[in-house]
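Worksheet: one structure, shown below.
Numbering (this note's numbering), first residue to last: 9 to 399.
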């Protein structure tokens, strides 16, 4: 909530954008900059959302970009009405949802739905659907809104509802992106309302994108539960990641061999050093594998979009690397004569791991059968002599 006042400052861009749209003659350099502004804002913002896995930012900016492109290149009344109706709905839905990976799971689905709407708008250009497009502009209330806005009556109501939703999101959860979305809705409304004036309405869409970018950069990322010893995400994060998957994936359970005897012989501090060494190598897993620490000697590795066969190859490569890992431990040598204490010396001990892999041909609502299969594969690897990967 304390970040809200600092997000009021970008609202000063609205009067500047309004002044630009009302100025019919602009210097050539200024006009060129204004024409390039939407592309710069949408492109850089969408790239930021992709790199930082902020699906909401990426999809919201794509929505604004598609709206700007549709109005600039088509400009028919059916397209205007469709954009005016869909834009506030999309912004509200995107902001209400949580952040996801825009390339997988619900984030990818949301992005696909956005692109589908662009296809629907293209279909509305068919002359045979004239009756459908005319219905978009039918008044639902008796208020004479046409005196002060060019937007369809239903669109005005949807903008008001969307504004209420994003404000509620901020009040309930304190998300700064919701504040940016509220200002983006205002700027988008002004952009659509200014279409009939013939001015460069894209500047308002660019300002809407700036609001979203500013809010996104000020919004703290969700905290990931991380183990204090290995610095890897915990089992809770592993379970969350499993539930987010919507495509084929492979799961592996990795266990340090002879862990109980190592702990009994060398103590807690040596165990911590050993776990950190193993975690360091697992963190560098190839094939898109993401490592998690479960408990005791057990780690988990998730391979989105991979088969078990492919996961085995990358796990076996890491297993070979870990064979060369050594851990310094303190060892007490037997006393040279009775009654004398043994001498404590520093030695290095090697470490090996075993792993079991299973795959899901397609994401299921319950990943338990897959994780149980990986656990059984791990048991087979240990029974076969350890220091190996099994399927």
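Cβ atoms here follow ideal geometry from the backbone N, Cα and C, with glycine treated the same way. Note that the coordinates shown come from a computational prediction; the quantities given were computed from them, not determined experimentally.
State the start and end residues of the unbroken beta strand (DSSP E) segment that holds residue i.
{"i": "residue 306", "result": "306-312"}
{"i": "residue 359", "result": "Neither: residue 359 is in no beta strand (DSSP E) and is coded neither H nor E."}
{"i": "residue 369", "result": "Where residue 369 is concerned, there is no enclosing beta strand (DSSP E), given that its DSSP letter is neither H nor E."}
{"i": "residue 209", "result": "Run containing residue 209: none; DSSP gives neither H nor E here."}
{"i": "residue 402", "result": "Residue numbering for the chain in the displayed model covers 9 to 399; residue 402 lies beyond these limits and cannot be assessed."}
Is it the case that the Cβ atoms of residue i and residue j are separated by a distance below 8 Å?
{"i": "residue 161", "j": "residue 103", "result": "no"}
{"i": "residue 364", "j": "residue 260", "result": "yes"}
{"i": "residue 219", "j": "residue 172", "result": "no"}
{"i": "residue 357", "j": "residue 334", "result": "yes"}
{"i": "residue 174", "j": "residue 200", "result": "no"}
{"i": "residue 359", "j": "residue 264", "result": "yes"}
{"i": "residue 312", "j": "residue 267", "result": "no"}
{"i": "residue 72", "j": "residue 270", "result": "no"}
{"i": "residue 58", "j": "residue 66", "result": "yes"}
{"i": "residue 295", "j": "residue 316", "result": "no"}
{"i": "residue 163", "j": "residue 100", "result": "no"}
{"i": "residue 3", "j": "residue 183", "result": "No statement about residue 3 is possible, as the shown extent of the chain runs from 9 to 399 and does not include it."}
{"i": "residue 97", "j": "residue 216", "result": "no"}
{"i": "residue 240", "j": "residue 292", "result": "no"}
{"i": "residue 224", "j": "residue 258", "result": "no"}
{"i": "residue 355", "j": "residue 330", "result": "no"}
{"i": "residue 387", "j": "residue 397", "result": "no"}
{"i": "residue 221", "j": "residue 328", "result": "no"}
{"i": "residue 250", "j": "residue 375", "result": "yes"}
Assuming residue i and residue j make a contact with CB atoms under 8 Å, what is their CB distance in whole Å?
{"i": "residue 53", "j": "residue 79", "result": "19 Å between Cβ atoms; not a contact."}
{"i": "residue 322", "j": "residue 242", "result": "22 Å between Cβ atoms; not a contact."}
{"i": "residue 197", "j": "residue 178", "result": "The Cβ separation is near 18 Å, so there is no contact."}
{"i": "residue 283", "j": "residue 298", "result": "That pair is no contact at about 17 Å."}
{"i": "residue 203", "j": "residue 209", "result": "6 Å"}
{"i": "residue 402", "j": "residue 366", "result": "As displayed, the chain neither begins before 9 nor continues past 399, which places residue 402 out of reach and without an answer."}
{"i": "residue 361", "j": "residue 286", "result": "7 Å"}
{"i": "residue 125", "j": "residue 94", "result": "6 Å"}
{"i": "residue 46", "j": "residue 76", "result": "5 Å"}
Which first and last residues belong to the alpha helix (DSSP H) in which residue i is found?
{"i": "residue 299", "result": "From DSSP, residue 299 is part of no alpha helix (DSSP H) but of the beta strand (DSSP E) over 298-303."}
{"i": "residue 176", "result": "161-181"}
{"i": "residue 103", "result": "85-104"}
{"i": "residue 274", "result": "267-291"}
{"i": "residue 249", "result": "243-252"}
My output table needs one value for residue i: the three-state DSSP class, helix, strand or coil.
{"i": "residue 232", "result": "coil"}
{"i": "residue 150", "result": "Low confidence applies here, because residue 150 scores a pLDDT of 40, under 50, leaving its location unreliable; read the following figure in that light. Note: residue 150 maps to coil in three-state DSSP."}
{"i": "residue 227", "result": "coil"}
{"i": "residue 379", "result": "helix"}
{"i": "residue 61", "result": "coil"}
{"i": "residue 196", "result": "helix"}
{"i": "residue 387", "result": "helix"}
{"i": "residue 315", "result": "coil"}
{"i": "residue 40", "result": "helix"}
{"i": "residue 396", "result": "coil"}
{"i": "residue 333", "result": "coil"}
Sorry if obvious, but does the Cβ on residue i come closer than 7 Å to a heavy atom of the ligand GTP?
{"i": "residue 44", "result": "This structure does not include the ligand GTP; it has no bound ligands of any sort."}
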